[in-house]
Amino acid sequence: MKRILHVWLCLAVALGGLLLSGSTASAAPGNCATAAWVLRSADIVNHSNGAAIGKVYTYVNSCNQYWAQIKLDKALGAGQWANAFVDLYVDGTMDGRLTCADVHGSGEVSQGKTSCYTGYFGSTDTGITYQSHGYVYNYPSSMFASGITQNCSRWECI
126 MKRILHVWLC LAVALGGLLL SGSTASAAPG NCATAAWVLR SADIVNHSNG
176 AAIGKVYTYV NSCNQYWAQI KLDKALGAGQ WANAFVDLYV DGTMDGRLTC
226 ADVHGSGEVS QGKTSCYTGY FGSTDTGITY QSHGYVYNYP SSMFASGITQ
276 NCSRWECI
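Numbered by the numbering used here, the letters in the sequence shown go through residues 126 to 283 in order.
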């Protein structure tokens, strides 16, 4: 059974990721195929007690679009807000950043909400990688939780 599953997963990668792996994206930016998957994820960790309170994700879809999403385990309370970021690196040097608050993002996470996503970067160039960050704050701007994914392209991580 494990071997059959492994063959299916390898086939899915070879066919451009049409079979979803991990969690699916809840909202795929852009006008692309809906097949999207988690490239990398990381826990959002409360700095005061080390507890995981959610996750930050780097997604990729079949059109080579990359974006970030933060998903918190419970809705934010009064005086709290959160944001996700996706950074683009060209040959190891940061070359761009998008956030939930940008024009193509869904807006920062505010009281009563649990999630937001950024706009997307699209590229098939080699030497380009993506890394996502998630931060949770108390007003006015005191960060109390964060998480960061590994820096990866579709094919490898650095």
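Virtual Cβ for every residue (Gly too), placed ideally from N, Cα, C. Quick caveat: nothing in here was measured; it's all calculated off a predicted structure.
Original post:
Is the Cβ-Cβ distance between T243 and L213 less than 8 angstroms?
Top reply: For the purposes of this step, residue 243 is identified with residue 118 of the sequence shown, where counting begins at 1. For the purposes of this step, residue 213 is identified with residue 88 of the sequence shown, where counting begins at 1. When the beta-carbon positions are compared, T243 and L213 stay at least 8 angstroms from each other.
Subject >> Span of the beta strand (DSSP E) around W192 >> reply: Along the sequence shown, read from residue 1 onward, the residue named residue 192 stands at position 67. For W192, the uninterrupted beta strand (DSSP E) segment begins and ends at 190-197.
Original post:
So, is Q256 buried or exposed, given that buried needs 16 or more other C-beta atoms within 10 angstroms?
Top reply: Start at 1 with the first residue of the sequence shown, and residue 256 comes out as number 131. With 16 or more neighbouring CB atoms inside 10 Å of its own CB, Q256 falls in the buried class.
Original post:
So what does DSSP say about R279, is it helix, strand or coil?
Top reply: Your numbering for residue 279 matches position 154 in the sequence shown. R279: coil per DSSP, three-state reduction.
Original post:
In terms of alpha-carbon separation, which member of S271, S278, Q275, Y262 lies closest to V114?
Top reply: Summary: the structure shown does not reach residue 114, with the chain confined to residues 126 through 283, and so no result is reported for it.
**OP:** Would you mind sorting Y264 into buried or exposed? The rule is 16 or more other CB atoms within 10 Å of its CB.
**Re:** By one-based count along the sequence shown, residue 264 stands at place 139. Classification of Y264: exposed, given that the 10 Å Cβ count is below 16.
Original post:
In this structure, what does DSSP give as the bridge partners for Y262?
Top reply: Mapped onto the sequence shown, residue 262 falls at position 137. As a beta-bridge residue in DSSP terms, Y262 pairs with W206, M268.
Original post:
What number of angstroms, rounded off, separates the C-alpha of Q194 from the C-alpha of D220?
Top reply: On the sequence shown, position 69 is the one that residue 194 refers to. On the sequence shown, position 95 is the one that residue 220 refers to. Rounded to whole angstroms, Q194 to D220 spans 19 angstroms at the Cα level.
Original post:
Which residue from D227, D198, V185, K238 puts its Cα closest to that of W206?
Top reply: Residue 206 sits at position 81 when you count from the first residue of the sequence shown. Closest by C-alpha distance to W206, out of D227, D198, V185, K238, is K238.
Subject >> G252 versus K180 - alpha carbon distance >> reply: Locating residue 252 in the sequence shown gives position 127, where the first residue counts as 1. Locating residue 180 in the sequence shown gives position 55, where the first residue counts as 1. Going from the Cα of G252 to the Cα of K180 covers about 26 angstroms.
**OP:** Put K180 into one of helix, strand or coil per three-state DSSP.
**Re:** Residue numbering aside, residue 180 sits at position 55 when the sequence shown is read from its first letter. Under the three-state reduction of DSSP, K180 is assigned to strand.
Subject >> Simplified DSSP state of S231, which is helix, strand or coil >> reply: Taking the first residue of the sequence shown as position 1, residue 231 is located at position 106. Residue state for S231 is assigned as coil, using DSSP reduced to three classes.
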